[in-house]
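Count along the sequence shown from 1, then add 28; that gives the number in the numbering used here.
Quick reminder that beta carbons are idealized off the backbone N, C-alpha and C, glycines included.
Presented below is the structure to which this report refers.
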Amino acid sequence: MRKANGIVMDNPDKPDYHTPASFRIIVLLETVSKILERLSALRLAAAARYLGLLHPNQCGSLAGLGCFDAVATLTHEVRLLQGASFKVSTLFLDVKGGFDNVCVNKLASILAKGVVSAYLVAWIKSFLSGRQCCVIFQGAPKVFCPVAVGTPQGSPISPLLVVLYIASLRPTSPQVWRFHRSMTSPSRSA
Numbered sequence: 029m030r031k032a033n034g035i036v037m038d039n040p041d042k043p044d045y046h047t048p049a050s051f052r053i054i055v056l057l058e059t060v061s062k063i064l065e066r067l068s069a070l071r072l073a074a075a076a077r078y079l080g081l082l083h084p085n086q087c088g089s090l091a092g093l094g095c096f097d098a099v100a101t102l103t104h105e106v107r108l109l110q111g112a113s114f115k116v117s118t119l120f121l122d123v124k125g126g127f128d129n130v131c132v133n134k135l136a137s138i139l140a141k142g143v144v145s146a147y148l149v150a151w152i153k154s155f156l157s158g159r160q161c162c163v164i165f166q167g168a169p170k171v172f173c174p175v176a177v178g179t180p181q182g183s184p185i186s187p188l189l190v191v192l193y194i195a196s197l198r199p200t201s202p203q204v205w206r207f208h209r210s211m212t213s214p215s216r217s218a
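Right under this line is the structure:
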């Protein structure tokens, strides 16, 4: 389950196909592995929510939550703050190469500091370590090469691992949090 085949595909709308950036690699993963990864993703997501490793408004990469939930949450927060005469702005980030740049040891450290069970941290380290990929294209020898960094795209657990890896990048505004706490505290509603 640590070996995968990568199929080289042309990136559409590229003017020139003489550079590596003109292509993308689609990695084909084992079905049995995907089932185990999905079960581990569900377990890790529950633990991450319970331990506070994910922001309460995190929607992507979690079962049962998607784009609609993210838009509804953002709309609610913006209207709540505007109703209290706050000026509101939003920053969206696209983390380019997020899947390709996850460091196994740093991710394990983040999870261990977050008090994720040692068993689950060890499974994730094992899952991301010792991976190999064979890039398949016309005329290439079938040789497996080690993959030292990153999470496999297409794996059910990879999006969640990336979200946990970059969770500390999420900025918070002290004014917003003070306001949000005062609006949701039990003493305010009494």
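Exercise. Does the separation of the CB atoms of Arg144 and Ala91 fall below 8 Å?
Worked result: Here residue 144 refers to the residue found at position 116 of the sequence shown. Here residue 91 refers to the residue found at position 63 of the sequence shown. First, the residue type needs correcting, since residue 144 is Val and not Arg in the sequence shown. No.
For this session: Please classify Arg30: does DSSP put it in a helix, a strand, or coil?
Result: Along the sequence shown, one-based indexing puts residue 30 at 2. The three-state secondary structure of Arg30, taken from DSSP, is coil.
For this session: Following the continuous alpha helix (DSSP H) through Gln181, name the residue where it begins and the one where it ends.
Result: For the purposes of this step, residue 181 is taken as the residue at position 153 of the sequence shown. Where Gln181 is concerned, there is no enclosing alpha helix (DSSP H), given that its DSSP letter is neither H nor E.
For this session: In angstroms with no decimal places, state the Cα-to-Cα distance between Arg107 and Val116.
Result: On the sequence shown, position 79 is the one that residue 107 refers to. On the sequence shown, position 88 is the one that residue 116 refers to. Arg107 and Val116 have their alpha carbons spaced roughly 9 Å apart.
For this session: Grab the span of the beta strand (DSSP E) containing Ile164 for me, first residue to last.
Result: Position 136 of the sequence shown holds residue 164. First-last of the beta strand (DSSP E) with Ile164: 159 to 164.
Exercise. In or out: Asn39 buried (at least 16 other Cβ within 10 Å) or exposed?
Worked result: For the purposes of this step, residue 39 is identified with residue 11 of the sequence shown, where counting begins at 1. With fewer than 16 other Cβ atoms within 10 Å, it is exposed.
Exercise. Cα separation between Leu121 and Phe51?
Worked result: Indexing the sequence shown from 1 puts residue 121 at position 93. Indexing the sequence shown from 1 puts residue 51 at position 23. Approximately 24 Å between the Cα atoms of the pair.
Exercise. Where Leu109 and His83 are concerned, what is the direct C-alpha to C-alpha distance, given to the nearest angstrom?
Worked result: Here residue 109 refers to the residue found at position 81 of the sequence shown. Here residue 83 refers to the residue found at position 55 of the sequence shown. One C-alpha to the other measures close to 18 Å.
For this session: Give every residue of the same chain whose Cβ lies closer than 8 Å to the Cβ of Leu148, excluding the five residues on either side of it in the sequence, and list them in chain order.
Result: By one-based count along the sequence shown, residue 148 stands at place 120. Result list for Leu148: Ser68, Arg71, Leu72, Ala75, Leu139, in chain order.
For this session: Quick one: using the 10 Å Cβ neighbour count with 16 as the cut-off for buried, is Glu65 buried or exposed?
Result: Residue 65 sits at position 37 when you count from the first residue of the sequence shown. So Glu65 counts as buried.
Exercise. Quick one: what does DSSP say Cys173 is sitting in, helix, strand or coil?
Worked result: Position 145 of the sequence shown, counted from the first residue, corresponds to residue 173. Note: Cys173 maps to strand in three-state DSSP.
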